[in-house]
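See structure below.
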Amino acid sequence: MKYLLLICHDGQGYDATPEQLDATPWAEEMDGRGIRLMGNRTRESSDATTVRVRDGALLLTDGPFAETKEQMAGFDVIECADLDEAVEVASKHPVAKYGMVEVRPFWTD
Amino acid sequence: MAAVIGQTGDWDLAEECAQDAFERALERWPRDGVPDRPGAWLTTTARHRALDVLRRRTNEARKLREAARLEPVADRVTEPAEAVLAGQEPDAVPDDRLRLIFTCCHPALPEAAQVALTLRSLTGLTTAEIARAFLVPESTMAQRLTRAKGKIRHAGIPFRVPPRAMLPERTRAVLAVLYLLFNAGYAVGADGLDQRRVTAEAIRLARLLAGLLPDDPEPAGLLALMLLHDARSAARTDARGDLVPLEEQDRARWDRQRIEEGLAVLDAALAAHRPGPYQVQAAIAACHASAPGPEATDWRQIALLYAELARFTAGPVVELNRAVAVAMAEGPAVGLPLVEALSGAPALRGYHLLPATRADLLRRLGRHEEAAAAYGEALRLAPTAAERRFLERRREEAERAADRAP
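These protein sequence lines are chains E and F, in that order.
The opening residue of the first sequence carries number 1 in UniProt numbering; numbering runs sequentially from there.
The opening residue of the second sequence carries number 1 in UniProt numbering; numbering runs sequentially from there.
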């Protein structure tokens, strides 16, 4: 099954060094296990643009679609046997210790 | 039901086929006689029905792919079932039921759904009966079940016994659900027929789990705890349905056979020398159950056991219970400061048993006026009518005693 991992932080500063938050070793491990299909960090929400089309008109807003404290900091697409494996993979992501990781199953494989 | 889920991975189909098998039994058994192994007959009938349905769903290609993908599982599951048919095994396929319990109690499901799904999948209770037991509308309960089954399918919650590394933690989750089930029917005031059935099913499932996981003494600990509590159920409410505290219960009304069984199960569990929170709680219940009267209770031992319990599940509620035991062992004057030290604990804010315990100790110390005030505080927080009636009675007694005092 394919899952989207949303790597999120809660908007607060963390008591962690950049090394502790570095997901490179995790990504290498999961690539090696054939689990991680793709993924990347995303720029801050202040760099986001939200797109809507209403009555044929293009509406752009600056910032993310949801005004929440929690923000996406990156994402990964993984392929796992089941949710237990996906949870194990998510729990090993360094950001899980400080922020949170949402595990979303794909609609279709 | 467990067998069909193991075979097809389809919960709705399993429910439908299990229902269908029972209907066929009602139709055939009176005519042809009850088969030698009724459980196996039902399982086989449900499986065959499931295969028929799946075959007929040729237009739904996805389902067939699912069935094909699950084939290896189906093979493994069929083995014991065939042994059943050959007359070598008891009626059940325990492996499937164990998988079902672990799937229903998966921590990715909300707790209320775990409880509901466990009852719906592993007992004979209908959705309507479960809804009544938990005092929610049937439509709410049906929706909760549908959503949970949807998540199992869509999120890929595995239908299996967790691997060894996960097993202890996931077993705790299952035990917590079974204990919730037991308490749903055991709470004072929750003594309707539906709740009684939920409690009986909780005991049945704990017995099943203890039998299926013999290497872990905690399921047996939970079973012993349930049996020892359940043994007192007839004596813990009076004719009006009001709470009778342990020290005032008529111990002749305790179910001796249940107690003996609980003690035997606990002894066997403790022999593994791997204590856990349920074994310790059962040991506390055993102290009460074996005492001929409240004065003859080994309160010192109970206080020690609560200190032991705090090692597994530290928290102010455990500490409150330890304070009660200390008060019984060494007198209310020793226990009261321990109780009062807990008054600031955030976890106990709004918990009626804190002021109720304080009131009880003050009453024993003859400080009736303060006791009446504390009973009043507990009264405002008590969740059930039966508990409020009990506290009201105690408050009136304390007020009368305060008036009599010089």
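C-beta: ideal position from N, C-alpha, C; glycine also.
Source: prediction; values computed, not measured.
Sequence-distant residues of the same chain with beta carbon closer than 8 Å to residue i, five excluded per side
i	result
residue 388 (chain F)	379, 382
residue 342 (chain F)	316, 319, 320, 323, 348, 354
residue 203 (chain F)	182, 223, 226, 227, 230
residue 374 (chain F)	355, 356, 358, 359, 362
residue 87 (chain E)	103
residue 28 (chain F)	none
residue 177 (chain F)	104, 105, 111, 114, 115, 118
residue 157 (chain F)	103, 106, 108, 109, 151
residue 286 (chain F)	224, 228, 262, 263, 266
residue 213 (chain F)	98, 171, 219
residue 292 (chain F)	251
residue 259 (chain F)	227, 228, 231, 289, 290
Same chain, Cβ closer than 7 Å to residue i, neighbours up to 5 away in sequence not counted
i	result
residue 76 (chain F)	With a pLDDT of only 34 at residue 76 (chain F), under the threshold of 50, the placement of this residue in the model should not be trusted, and no figure is reported.
residue 120 (chain F)	127, 130, 145
residue 87 (chain F)	Residue confidence for residue 87 (chain F) is low, a pLDDT of 39 falling below 50, so the modelled location carries little weight and cannot support an answer.
residue 89 (chain E)	30, 35, 78, 80
residue 207 (chain F)	223
residue 45 (chain F)	21, 24
residue 390 (chain F)	242, 243
residue 137 (chain F)	131
residue 232 (chain F)	249, 254
residue 326 (chain F)	303, 334, 335, 338
residue 49 (chain E)	60, 62
residue 184 (chain F)	133, 134, 190, 195, 198
residue 329 (chain F)	299, 300, 303
residue 407 (chain F)	Residue 407 (chain F) lies beyond the range of chain F shown here (1 to 406); nothing can be said about it.
Residues that residue i contacts on chain E, provided the C-beta gap is smaller than 9 Å
i	result
residue 156 (chain F)	1, 3, 80, 81, 82, 83, 84, 85, 86, 105
Per-residue contacts from residue i into chain E (C-beta, under 8 Å)
i	result
residue 108 (chain F)	83, 87
Residue i burial status per 10 Å Cβ neighbour count (16 or more: buried)
i	result
residue 34 (chain F)	exposed
residue 65 (chain F)	Its pLDDT being 49, under 50, residue 65 (chain F) is placed unreliably in this model, and the value from its coordinates should be taken loosely. Exposed, by the Cβ-count rule.
residue 14 (chain E)	exposed
residue 24 (chain E)	exposed
residue 234 (chain F)	exposed
residue 141 (chain F)	buried
residue 297 (chain F)	buried
residue 150 (chain E)	Missing from the structure shown is residue 150 (chain E); chain E here goes from 1 to 109 and no further.
residue 124 (chain F)	exposed
residue 76 (chain E)	buried
residue 143 (chain F)	exposed
residue 61 (chain E)	exposed
residue 38 (chain F)	exposed
residue 84 (chain E)	buried
residue 239 (chain F)	exposed
residue 281 (chain F)	buried
residue 8 (chain F)	buried
residue 56 (chain E)	exposed
residue 216 (chain F)	buried
residue 331 (chain F)	exposed
residue 201 (chain F)	buried
residue 193 (chain F)	exposed
8 Å contact criterion, which residue i and residue j should meet: CB distance rounded
i	j	result
residue 283 (chain F)	residue 262 (chain F)	11 Å between Cβ atoms; not a contact.
residue 148 (chain F)	residue 109 (chain F)	5 Å
residue 417 (chain F)	residue 221 (chain F)	Outside the displayed range of chain F (1 to 406) lies residue 417 (chain F), so it cannot be described from this structure.
residue 173 (chain F)	residue 105 (chain F)	5 Å
residue 102 (chain F)	residue 198 (chain F)	About 20 Å separates the two Cβ atoms, so there is no contact after all.
residue 97 (chain E)	residue 10 (chain E)	Going by Cβ atoms, the distance from residue 97 (chain E) to residue 10 (chain E) rounds to 13 Å, so no, they are not a contact pair.
residue 399 (chain F)	residue 372 (chain F)	5 Å
Same chain, Cβ closer than 6 Å to residue i, neighbours up to 5 away in sequence not counted
i	result
residue 253 (chain F)	234, 235
residue 369 (chain F)	402
residue 99 (chain F)	159, 160, 161
residue 209 (chain F)	219
residue 16 (chain F)	none
residue 100 (chain E)	8
residue 106 (chain E)	2
residue 6 (chain E)	72, 75, 102
In chain order, which continuous runs of the alpha helix (DSSP H) of length 4 or greater are located wholly inside the UniProt domain "YCII-related" (1–106) of chain E?
-> 18–21, 24–32, 83–92
Write down every uninterrupted run of the beta strand (DSSP E) in the UniProt domain "DUF6596" (170–269) of chain F whose length is 3 residues or greater and which is fully enclosed by it, in chain order.
-> none
Can you give, in chain order, each stretch of the alpha helix (DSSP H) that sits fully within the region 324–388 of chain F and has at least 4 residues?
-> 332–340, 353–364, 368–381
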